[in-house]
Ligand SMILES: Nc1ncnc2c1ncn2[C@@H]1O[C@H](COP(=O)(O)OP(=O)(O)OP(=O)(O)O)[C@@H](O)[C@H]1O
Ligand SMILES: [Mg+2]
């Protein structure tokens, strides 16, 4: 039996179209002027015990909304969802015993308390016995070495330290499934690597099922054999991660700041790149966002250094960054048939 079973699942939010000012707020009370956001719109999936699944998609795709339904925080608008045979929102207390959850954007620890006090509270809430608790703390000490942080107030931890503590806390009661919603957001490479190794070790040793949402394809590549791509509340792809990374792993985006850049320079950049590299060589230019212009390169077809050299010679570039392909680009290419 699947650990998580989801069928025709939807969550629609009714949102009031607000008007400005106090008078507007008053009229809003009676306007009935609503629009519907289809955050999750008819998805189906099954997750087996012990899997680590990457659940990805651009901003607003519906990832967090799905996780909130799986954890029982939100009640679905329609459809079926069971975790370990139970309906999450109907059995929240029982379900909490078998789940752990980390929302990267906020902490489940108590802001003003030292880390260890938060852990002790969670130990009581989840009725974890002392021996299990001690073993858990020992395992985490081996994995990440947090001991020196335990006396520190949560509010004083760095983002990376806090995230490691949050992850540790979510595994404390040895749940069957842990939901990690953007656990690596805003973290640097070394702490990301640490989080990846902790998660993969816990999955391996305890067999914990893990659902991971992230904007970093690298996290999924490192951890998940299976990937689910979501956009606008619908599943676009559910299959082997390899299939996705072999297509997109080679993509990098050059973010450029070019002096005096405008729409004319943009079309000139497009033309010159097409002239130099051809139209079908995996070099695409996106429009300007703030001051940055994005040039995405498929390194399997055209070396990034060639493109960078060419642009540097042709345009007054004064700042460059290289980033991995964005979720938006992955999704765009999936729509264009990249995953067949
Ligand atoms: N409580 C709510 N009320 C109204 N609309 C909501 C609510 N929660 C989410 N939404 C909307 O539902 C859509 C999906 O949001 P969700 O947070 O699930 O996206 P996400 O995939 O987690 O995005 P991100 O990568 O930015 O975290 C968005 O359009 C969002 O504005
Ligand atoms: Mg989210």
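Numbering (the numbering used here), first residue to last: 5 to 344.
Beta carbons: idealized from backbone N, C-alpha and C, even for Gly.
Cβ-based neighbour list, residue i, same chain, cut-off 6 Å, excluding 5 preceding and 5 following
i, result
"residue 76", "92, 93, 96 and 99"
"residue 49", "10"
"residue 16", "40, 42 and 81"
"residue 252", "329 and 334"
"residue 304", "254"
"residue 289", "273, 274 and 299"
"residue 280", "314"
"residue 12", "46 and 83"
Within 8 Å, strictly: CB atoms of residue i and residue j
i, j, result
"residue 186", "residue 160", "no"
"residue 345", "residue 147", "Here the chain has residues from 5 to 344 only, and residue 345 is not among them."
"residue 6", "residue 51", "yes"
"residue 231", "residue 182", "no"
"residue 224", "residue 58", "yes"
"residue 8", "residue 87", "yes"
"residue 46", "residue 238", "yes"
"residue 195", "residue 149", "no"
"residue 256", "residue 292", "no"
Residue range of the beta strand (DSSP E) that includes residue i
i, result
"residue 210", "Where residue 210 is concerned, there is no enclosing beta strand (DSSP E), although the alpha helix (DSSP H) it sits in stretches over 193–210."
"residue 327", "321–328"
"residue 103", "103–107"
"residue 43", "38–51"
"residue 220", "Where residue 220 is concerned, there is no enclosing beta strand (DSSP E), given that its DSSP letter is neither H nor E."
"residue 86", "82–87"
"residue 259", "255–262"
7 Å Cβ shell around residue i - same chain, five flanking residues per side excluded
i, result
"residue 338", "233, 240 and 241"
"residue 156", "118 and 119"
"residue 151", "145"
"residue 245", "58, 224, 225, 228, 229, 230 and 231"
"residue 123", "173 and 176"
"residue 322", "261 and 263"
"residue 331", "60, 61, 62 and 219"
"residue 276", "318"
"residue 207", "56 and 214"
"residue 158", "111, 113, 114, 115, 117, 119, 122 and 166"
Residue span of the alpha helix (DSSP H) that contains residue i, given as start and end
i, result
"residue 350", "No information on residue 350 is available, as it lies outside the stretch 5 to 344 that the chain covers here."
"residue 74", "67–74"
"residue 140", "134–148"
"residue 14", "Here residue 14 belongs to no alpha helix (DSSP H); instead the beta strand (DSSP E) covers 8–20."
"residue 278", "267–281"
"residue 164", "163–175"
"residue 248", "245–252"
Cβ-based neighbour list, residue i, same chain, cut-off 8 Å, excluding 5 preceding and 5 following
i, result
"residue 53", "7, 180, 211 and 213"
"residue 3", "Here the chain covers residues 5 to 344 and nothing more, so residue 3 does not appear."
"residue 3", "Since the first residue shown for the chain is 5 and the last is 344, residue 3 is missing from the structure and cannot be characterised."
"residue 295", "261 and 265"
"residue 121", "114"
"residue 222", "196 and 328"
"residue 312", "258 and 324"
Backbone CA spacing between residue i and residue j [nearest angstrom]
i, j, result
"residue 229", "residue 56", "7 Å"
"residue 116", "residue 70", "30 Å"
"residue 184", "residue 269", "42 Å"
"residue 315", "residue 325", "13 Å"
"residue 20", "residue 84", "27 Å"
"residue 141", "residue 203", "15 Å"
"residue 64", "residue 219", "12 Å"
"residue 297", "residue 248", "25 Å"
"residue 250", "residue 284", "18 Å"
"residue 190", "residue 282", "36 Å"
"residue 336", "residue 126", "42 Å"
"residue 154", "residue 193", "24 Å"
"residue 24", "residue 236", "28 Å"
"residue 37", "residue 18", "10 Å"
"residue 341", "residue 287", "18 Å"
"residue 169", "residue 44", "30 Å"
"residue 138", "residue 343", "46 Å"
"residue 104", "residue 89", "17 Å"
"residue 162", "residue 143", "22 Å"
"residue 278", "residue 271", "11 Å"
"residue 135", "residue 201", "25 Å"
"residue 199", "residue 101", "23 Å"
"residue 243", "residue 258", "29 Å"
"residue 363", "residue 108", "Residue 363 cannot be examined here, being either before or after the span of the chain that is shown, 5 to 344."
"residue 106", "residue 178", "14 Å"
- Is it true that the stretch 105–114 meets the stretch 127–134, where meeting means three or more beta-carbon pairs spaced less than 8 Å apart? no
- Task: Take every Cβ of the stretch 301–314, pair it with every Cβ of the stretch 262–269, and state whether three or more of those distances are shorter than 8 Å.
- Result: no
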